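For reference, the structure is listed below as structure tokens.
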Amino acid sequence: MKKPKVFVSRLLPDEALEHLRASCEVEVNGADRTLTPVELKKRLDGSAGLVSLLTDAVGDDVLATPGLKCVSNVAVGHNNVDVAAATRRKVLVTNTPGVLTETTADFAWALMMAAARRIPEADRYTRRGLYQGWDIMSMLGVDVHNKTLGLVGFGRIGVAMAQRAKGFGMRVLYSDVKRAPEDLESAVSARHATLSSLLSQSDFVSVHVPLSPETRHLIGAKELGEMKRTAVLINTARGAVIDEAALVAALRKGTIFAAGLDVYENEPDMAPGLAELDNVVLAPHIASASSATRTRMAMIAASDMVAALEGRRPSHLVNPEALG
Ligand code: GLV
């Protein structure tokens, strides 16, 4: 029997490609860049499957490819895929939750520590040869231990942050559209709060919500103004959850102490002025980037693609309605 064709939008770890090749005819975009939707649609021609990355814009046009059955997005977030259009067209969409939870929480924690204790700024200073001897007033940061951590979003990664906070003796607040079960709240010692009350009480605010029309600019000038002047804001979710221009203004004015960002509103671009600020730690969307985790993500996407094309239910199906 002829193997179904799968198009892979960017090079993946070998293991995942081998898994796909065992049952599919695989074509990989060899170019070291993201394809435009027009290029993607052209390359997809005749494919039953698309393995996409979060940088691919998978809109209705791409999803309209005749014979397309499944889009496996190698990411937990799937805001780059028009899931409603996929469901209408009976195209299955899968993602890669779970495997990246702890790795992402580790990185959010690292950003928090780095921003609080000004580690990248101190590194730049030391490398430049500016260190002239111990100074009691130099590079003063804010403490993390025994402070209040506010988690905006209390899904898997939010909960993993709360677990880490225990070791630092922190009080944990969370805001979420859904209140967590009481046993989970008490297991990780987290208390539900409104966003506004969380912002005004927290020393660290870490964002862990998916991007949706409801969460776009959830944190804007008003919300930044509600935070403590000593607070640190961390974002490892999606850039557009924060109004980046408003954040630049707040960091400049000292409305908050610092920020740590792994994601941006218009990646790979950054808001004007952001990169010139010393009180922000910047990373290039690498929160899940340990080699083990990135390989696991690619393997999940590959297995789910194979399952979908063999008529089995993928293990991480975003739109089960498309099966009906
Ligand atoms: C990374 O941002 C992901 O959604 O997996």
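Take the sequence shown: its letter number 11 is residue 74 in this note's numbering, and every next letter is one higher. Positions of the beta carbon are idealized from the N, C-alpha and C atoms, including for glycine. Just so we're clear, the structure is a prediction, and the values are computed from it rather than from any experiment.
Exposure label - residue i; buried when at least 16 CB within 10 Å
i    : result
H208 : exposed
T387 : Here residue 387 is Gly; the residue named in the question, Thr, does not match the sequence. It is exposed - the Cβ of G387 has fewer than 16 other Cβ atoms within 10 Å.
R181 : buried
D325 : buried
S135 : buried
R96  : exposed
D186 : exposed
W172 : buried
R357 : buried
A355 : exposed
R190 : exposed
Y327 : buried
D332 : exposed
E245 : exposed
V240 : exposed
G93  : exposed
T128 : buried
S72  : buried
Residue i - partner residues in DSSP beta bridges
i    : result
L296 : V268, A322
T211 : R234
N136 : S115
A250 : None; A250 has no bridge partner.
K229 : Note: K229 sits in no beta bridge, so no partner.
E90  : F70
H82  : Partner(s): none; H82 has no beta bridge.
T157 : S135, L380
I199 : I199 is not bridged to any residue.
I305 : I282
H255 : Y237
V343 : A322
V144 : V121
Test item: CB-CB of residue i and residue j under 9 Å
i    : j    : result
R292 : G317 : yes
A149 : A365 : no
E277 : S259 : no
H271 : D306 : no
V215 : A253 : no
L107 : L74  : no
L314 : L340 : yes
K104 : C87  : no
V121 : V89  : no
A250 : P273 : no
A177 : V344 : yes
P377 : T118 : no
V146 : L116 : no
R375 : T159 : no
E184 : N329 : no
Cβ distance (whole Å) where residue i is taken to contact residue j below 8 Å
i    : j    : result
V139 : L163 : 6 Å
F217 : Y237 : 4 Å
I297 : L174 : 5 Å
L372 : G109 : Contact flag wrong, Cβ pair sits at about 14 Å.
A228 : L212 : 5 Å
V304 : V205 : Their Cβ separation, rounded to whole angstroms, is 23 Å, which puts V304 and V205 out of contact at 8 Å.
Top-ranked residue by Cα proximity to residue i, from the options
i    : options                : result
G232 : K210, M224, D246       : K210
A321 : T358, T159, A338, D332 : A338
V369 : V146, P331, R84        : R84
I220 : T257, G204, D169       : D169
V114 : C133, T128, P100       : C133
A350 : S269, T167, Y188       : T167
L100 : A94, T257, D123, V91   : This sequence places Pro at residue 100; Leu is not what is there. Comparing Cα-Cα distances from P100 to each of A94, T257, D123, V91, the minimum goes to D123.
L262 : A243, S275, M290, V235 : M290
A179 : S72, I319, G230, Q226  : I319
S269 : G302, S201, W197       : G302
Minimum Cβ-Cβ distance from residue i to chain C less than 9 Å
i    : result
D306 : Reference to chain C is not applicable here, since this structure consists of a single protein chain.
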